[in-house]
Amino acid sequence: MAETLVIAKGLGRDFRDGNADRINVLRDVDCEIASGARIALVGPSGSGKTTLLHILGGLDRPTAGTVEWPGLGAFETLRPRQIGFVFQSPSLFPALTAVQNVGLPMLLAGENTRANDIGASLLQSFGLGELGDKLPEELSGGQAQRIAMARALAMAPKLVLADEPTGQLDSRTALRFFDAVLSRLEDTDIALVVATHDEVVANRMATRWTMDHGRLTTGHRPGAAAA
Amino acid sequence: MHALDAYELYRFFHIGDDETAALRGVSFHVAAGEIVALVGPSGSGKSTLLACVTGLDEPDGGYVEVAGVRLTRRPEAHRTRVRAASFGILLQSGNLFGHLSVEQNLRLQMLLAKKPDDQRMASLLESVGLSHRARAFPTELSGGETARAGLAVALAADPPILIADEPTAEVDSDTESRLIAHFEARRDAGLATLLATHSRALARKADRIIKLKDGRIDRG
Amino acid sequence: MMFLLWIRGVLARRFLRVAGAAAGIALTVALLAAMALFLANAGASMTARAVSAVPIDWQVQVISGADPDLIGKALTEAAPVKTVHQVRYADVAGFEARTGGTTQTTGPGQAVAFDSRYFSDFPAEIRSLSGTLDGVLIAQQTAANLHVGPGDAVSIQRMGLPPAEVRIAGVVDLPDADALFQAVGLPPQAAPQAPPDNVLILPQEAWRQLFDPQQKARPDTTRLQLHVRLAHEALPPDPVAAYTFVTAAQRNLEARVAGQALVADNLGSRLGAVREDALYASVLFLFLGLPGVALAVALTFAVTSSGAARRRTEQALLRVRGATTKAILFLSATEAAVAAIGGTAIGMAAASLLAIIAPGLKATLGVDGPTLLLVAFFGLLVGFIAFLYPAWRDARWATVTAARRTVSRPKTPLWQRLWLDCLLLAAAGLFFWQSASTGYQIVLAPEGVAATSVDYKAFIAPALFWLGMALLTIRLSATIIAGNGALLRMIIAPVSGPLAPIVSAALSRQSGRLTIGIAMTALAISFATSTAIFNTTYNAQARIDAELTNGSDVTVFGSTDRPAGARLAALTSLPEAAAAEPMQHRFAYVGADLQDLYGIDPDRIGHATSLSDAYFSGASAAGTLALLAATSDGVLVSEETVQDFQLQQGDTINLRLIDARDHQYHPVAFKFIGVAREFPTAPKDSFLVANSAYVARMTGSDASEYVLMRARADPAALARQVSSVLTFDPSLKVSDIGQAAHLIGSSLTAVDLGGLTTIELGFAVVMAAAAAGLMLALGFFERRRPFAILAAIGAKPRQLAAFLWSEGLLILVGGMIFGLLSGLLTAWMLVKLLTGVFDPPPEALSIPWLYLAVMLGLVAASVAAAVLSARPSAGQAAEQLRDL
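Chains as they are written, first to last, in the numbering used here: chain A, 1 to 227; chain B, 228 to 447; chain C, 448 to 1331.
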């Protein structure tokens, strides 16, 4: 029974740039995410994908409209238990090893004992087992990105938001990796929203949302036909 | 004589007691009016090769000539002059100075190449679709805008040769198309472009593809 | 053009990194400038004080037969002269007086005549004890020997002439007898002679009448001296320059008179001693201050290096874009120039402000201009090096690609592999032990020689120690932090709770940065601690020295004829008086040597004055006094007397004291029970201390010439009360401890440190707080992205705080432990090294608890401030995340 995890209505987000001009990054966005969703968020750069993901993940506040997480509980508990996030730029904690990074959400949630094991097993399942003791500065961009995804999955959150998770990878590796992720999420009701410009990756997802100049256009309801 | 000639380039690195050969006798050229794609898996020596042909690194063997002018084994001042005058370099990331706006980044490049030209700057910004973001600072730009700004900087001094290292790695298809359009425009204008990439789409747009593997050109 | 574009961008968007460097430079420059200003002024005040302490600048002795007027003319040509007076001396075979049936005779003595208005120009030369100043005056000791007073007749035994009789008009004290009767023209190495005990002062006409014949008959027995006061306004303020000026003038005079006169340069000698003291003071406080400057420079470098990674990337990009090495260095230089010039200007302004509001720091541009220019140059240098050195070093990297990669492969630094820290500490120990074995003779001041010399080598020990401790701090901190062991986790456990393993893992990866932070904080705390402890001990000793010279808070000086003890009751009842005790001051012959004898009540003397253990050799003060109380005929003598007479404990020693009943010297037996090195009001010569009861019994006089008083709170107030009570006893002199502090001779403790140490202590606190807080804040600033990441993946503010507080705690705890230890040991070393200078040496370090507490409190507050301000607010987090 699919439950609604996130509901957003009329989202708007303004920023002020260097000249103190107002830029509307998001305009009047409505969307819903249900458990088990597989959503690809596509659109040209600058269209607002990152901002939307940040707001849906509770990392940013909209300047207009509302966002609620009926299926995920109180705002304070969203991360790390309910939502896992993968950022566009390198986001591993520089002073910790790969396996420590992956287990970090568990430590933050207070589950110290299992952190290392979960970390190691996730790395293993993505084929990165031997990188466990390496520091982020010793990893390539692609490796770091995959480890970040592993970190997002560490607490088996109900919702995973990923911003260009395969941007640093060449096509073959990207596909292989993404398939590994999807197979890990199979048979769970973890919702996955991926912002990407890789068509191959986008086509793997059941739903496609398109962003254009801050507006969310087609297919923003779960189950709608892919474009 | 081509726009860029590289002959039998060798480059070794020493890390502790180990010696790695990054380049083992690489020869190639890039002619005016063509786009050459340099492809190869990571670790094949692409970045090292680019560093050597632009004079940022000195090869251990072989030579590099830019429009017939020897670049290798010349004083640093000479190499810098040639680089400023002949190459526009677009890096995978970090193309812009954070404390300068887009406009100021362009102006700086022009000043370094001693070719300040306000009109050219305006048209360049227009051609990459950043006219309205001229005064924005790099931290305020989106990923695609950053890439396009980097291209504008690389082209600011109207260089005969454009070197681009993974230019489309972090951008969406929209931006990728724009970039490719620029490369093709250069080709049509009789300028040279050398791209290092692992994007098949991009490689297909090139006139020639050079495959690099383990520091050697793979003719297979 | 390009540079303007660049620097505008840097100032607009990277203002903090320039401002931080500028602030460090400002601190350096301000401290250095303030110290330079202070030292210049201290020198000037030392000169002024030395000048005012010399009653007679020059004594020009006219060779018999030479024309005094010619000499006088040469004098005014050679030097800027304020006043000149003529003084005539005549040797006499002795004095004789008959009182009450007995005749007293003295040994050889002097008859002196001062010209008119001498005493109004040189008032310090004479002090009236009884009678008037109008007529024949007799010195106190001579009056005692002859037992005469005003109105009595004294017969002068002239040389080769029949005796002459004069009538005494008054009894006087000659405070400057040493200089007055010095043998002019002796070589400087000759031992100074004691002034004559028997002196009569005659009015000029009387002297001419009586001694002109003696002069004709025996010209070698009379002398004419010109007593000169130079125009002090003409003297340069700096002691060294003043010394050179005066001695040059003296040589000029000697050249002009070509042997017709001899010059005793009292002022020159004094300035010579002061000159060395001034140098010593400079060295000493430069020593205490230079670590502060070094610290400020180190802070500046730390601040600029915190932006080094970013600048390195910028420079690499500049090379990609076609900028030559020269252009890159020029761009760096532009940034450097802004920071250096801005920082130097602010520093100079701050120092000028300090000069206005701090006492003792007036800046005279003519005098201090060149020094300040030097300081400004130094500030600029620091700024340029801080920016340009890393730029130049990175510009030499062959590959840009290598520079763009910021992988740091930690390698044990060279000094650590060479165990330089232990070597330095060992060397420090060696140098210190060497100084200790020579009895800490830093300042060599042979008896009787005016000049002092300084053993600068002795300061190597504390310098090496400080450096060695700094390096050791780095080593130990690095070991603990990088080791990521149980100790580290234990330290951070209070603030990191369950996150301890992950926090310690993260911290251990950054041990390099944390270690530098701990070392900087420790250095700053060490500097503050050592300066403060040294300063407090120094001041305490200065106070003790003054107390010794003055005897007690307030002392009333009288004579046997007019003893202060007669007014004891009135003095004791004064409101501000906490205690008043009488003390005898007599004279006794030890063999042929006349020494001061002090008679005390050992059980009560401690009420009015503190007697330190250091006053007595080989025993405590309490023990010695108890022994004296138990031995009624006991006597304490000087070390020299013990040597001269080969005394053993319990030996009988005969001293000749004046008996009040027959006014003759009679031997009195005493028992030697101990050695006294110092005693309140005692001179630097040998002296004796005995029980006043015994002395009174044996001499028939229980007069107590002095009264020592302790004030309840304010010695100056007590002195005022005493003076008013004693208005009708003009012969009694009242002196309080404050006055003594000003009159202390060439002792180093006379240097007034108030201004300098206030500045240094102030700076020390600022730097300690800055070092800790700044190093932390910089670290946090560099890592705001990882912290934003942590927050983004779900760290609660409390958990983020765990990371921040753990770092803060490490810096605080490490800095405090190493800093306090190092500071304490450095201060101890300094005080020990200066034992020879303190007189008496301090028994223990005086710890300024309040200052240390305030300083540590500020450091802790600074750490807290850095941590609290590092926690990203909601707005900042969002801003950071747009980057992610």
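We put the beta carbon where it would ideally sit given N, CA and C, even for glycine.
Original post:
So, helix, strand or coil for MET1156/C, using DSSP?
Top reply: strand
**OP:** Please specify which runs of the alpha helix (DSSP H), each continuous and at least 4 residues long, are wholly inside the region 304-348 of chain B, giving them in chain order.
**Re:** 329-339
Original post:
If you compare alpha carbons, which of ARG461/C, ASP1132/C and ALA1116/C is closest to PHE364/B?
Top reply: For PHE364/B, the nearest C-alpha among the options comes from ARG461/C.
Original post:
Hey, is the region 1102-1109 of chain C in contact with the region 1032-1045 of chain C, meaning 3+ C-beta pairs nearer than 8 Å?
Top reply: yes
Original post:
What residues from chain C crowd round GLN100/A, counting only those whose CB sits closer than 8 Å?
Top reply: ILE949 and ALA952
**OP:** Leaving aside the five residues before and after ARG310/B along the sequence, list all residues of the same chain whose C-beta is less than 7 Å from its C-beta, in chain order.
**Re:** THR281 and GLY282
**OP:** Identify, in the order they occur along the chain, each residue of the same chain with its Cβ nearer than 7 Å to the Cβ of SER1064/C, setting aside the five sequence neighbours on each side.
**Re:** Excluding five sequence positions before and after SER1064/C, the CB atoms of its chain that fall closer than 7 Å to its own CB belong to GLU1086, VAL1122 and ARG1124, given in chain order.
**OP:** Could you please tell me which residues of the region 301-320 of chain B, in chain order, have their CB closer than 7 Å to any CB of chain A?
**Re:** Residues passing the 7 Å Cβ filter: none.
**OP:** Would you mind reading off the limits of the alpha helix (DSSP H) that contains MET1263/C?
**Re:** Where MET1263/C is concerned, the enclosing alpha helix (DSSP H) stretches over 1244-1280.
Original post:
Who are HIS1032/C's beta bridge partners in DSSP?
Top reply: Assignment of beta-bridge partners to HIS1032/C by DSSP yields TYR1045/C.
Original post:
Going by the CB atoms, is the gap between PRO1244/C and PHE93/A shorter than 9 Å?
Top reply: No Cβ-Cβ contact shorter than 9 Å links PHE93/A with PRO1244/C.
Subject >> Environment of ILE991/C [buried if 16+ CB atoms lie within 10 Å] >> reply: buried
**OP:** Quick one: list the residues of chain A neighbouring ARG956/C, beta-carbon separation under 8 Å, in chain order.
**Re:** PRO94, ALA95, LEU96 and LEU135
**OP:** Kindly list the residues whose CB is nearer than 7 Å to the CB of LEU593/C, restricted to its own chain and excluding five residues on each side of it in sequence; keep chain order.
**Re:** PHE542, ALA544, GLN551, THR553 and VAL601
Original post:
In terms of DSSP beta bridges, what is HIS532/C paired with?
Top reply: HIS674/C
Original post:
Taking three-plus beta-carbon pairs below 8 Å as touching, is the region 697-716 of chain C in contact with the region 659-667 of chain C?
Top reply: no
Subject >> Contact list for LEU764/C against chain B, beta-carbon separation under 7 Å >> reply: GLY321 and PHE324
**OP:** Kindly indicate which three-state DSSP category PRO222/A falls into: helix, strand or coil?
**Re:** With a pLDDT of 45 at PRO222/A, under the threshold of 50, the predicted position of this residue should be treated as unreliable, though the coordinate-derived value follows. Coil at PRO222/A, not helix or strand.
**OP:** Please confirm if the region 189-209 of chain A is in contact with the region 168-178 of chain A, defined as three or more CB-CB distances below 8 Å between the two stretches.
**Re:** yes
Original post:
What first and last residue would you give for the alpha helix (DSSP H) that runs through GLU372/B?
Top reply: Where GLU372/B is concerned, the enclosing alpha helix (DSSP H) stretches over 370-382.
**OP:** Compare the C-beta of THR760/C with all C-beta atoms of chain B and state if any pair is closer than 9 Å.
**Re:** yes
**OP:** Please look up how many angstroms separate the CB atoms of VAL710/C and GLU701/C, rounded, as I've assumed it's under 8 Å.
**Re:** 6 Å
Subject >> Residue range of the unbroken alpha helix (DSSP H) whose run includes ASN931/C >> reply: Note, ASN931/C: premise wrong, no alpha helix (DSSP H); not H, not E.
Subject >> Sequence-distant residues of the same chain with beta carbon closer than 6 Å to GLY127/A, five excluded per side >> reply: Hits under 6 Å: none found.
**OP:** Check each candidate in PHE85/A, LEU5/A, PRO105/A and LEU72/A and name the one with the smallest Cα separation from LEU161/A.
**Re:** PHE85/A
**OP:** Throw me the rounded Cβ distance for the LEU1315/C and LEU954/C pair, which I believe falls under 8 Å.
**Re:** No, LEU1315/C and LEU954/C are not in contact; Cβ-Cβ is about 19 Å, not under 8 Å.
Original post:
Whose C-beta lies closer than 8 Å to the C-beta of LEU1179/C among residues of the same chain, with five residues either side of it excluded?
Top reply: Taking LEU1179/C as the centre and dropping the five residues before and after it, the same chain places the C-beta of VAL1003, PHE1004, GLY1005, ARG1009, ALA1011, ARG1014 and LEU1173 closer than 8 Å to its C-beta, in chain order.
Original post:
Considering only the beta carbon of each residue, do ALA419/B and LEU265/B sit closer than 9 Å?
Top reply: The answer is no: Cβ separation not under 9 Å.
Original post:
In chain order, what residues of the same chain have a beta carbon less than 6 Å from the beta carbon of THR968/C, not counting five sequence neighbours either side?
Top reply: ALA1218, ALA1219, ILE1258 and GLY1262
Subject >> Between the CA atoms of LEU216/A and PRO157/A - distance to the nearest angstrom >> reply: 25 Å
**OP:** Go to GLN762/C, then tell me how far its alpha helix (DSSP H) extends in each direction, as first and last residue.
**Re:** 755-767
Original post:
Looking at the structure shown, is SER1182/C part of a helix, part of a strand, or coil, going by DSSP?
Top reply: strand
Subject >> ILE390/B and VAL293/B closer than 9 Å at C-beta >> reply: no
**OP:** Verify whether the separation of the beta carbon atoms of PHE1119/C and LEU1094/C is less than 9 Å.
**Re:** yes
**OP:** For ARG297/B, go through chain C and note every residue whose CB falls closer than 7 Å to its CB, in chain order.
**Re:** The contacting residues do not exist; ARG297/B stays about 18 Å from chain C at best.
Subject >> VAL896/C, DSSP secondary structure in three states >> reply: Residue placement at VAL896/C is poorly supported in this model, since its pLDDT is 43, which falls under 50; the coordinates still yield a value, given next. If DSSP states are grouped into helix, strand and coil, VAL896/C belongs with coil.
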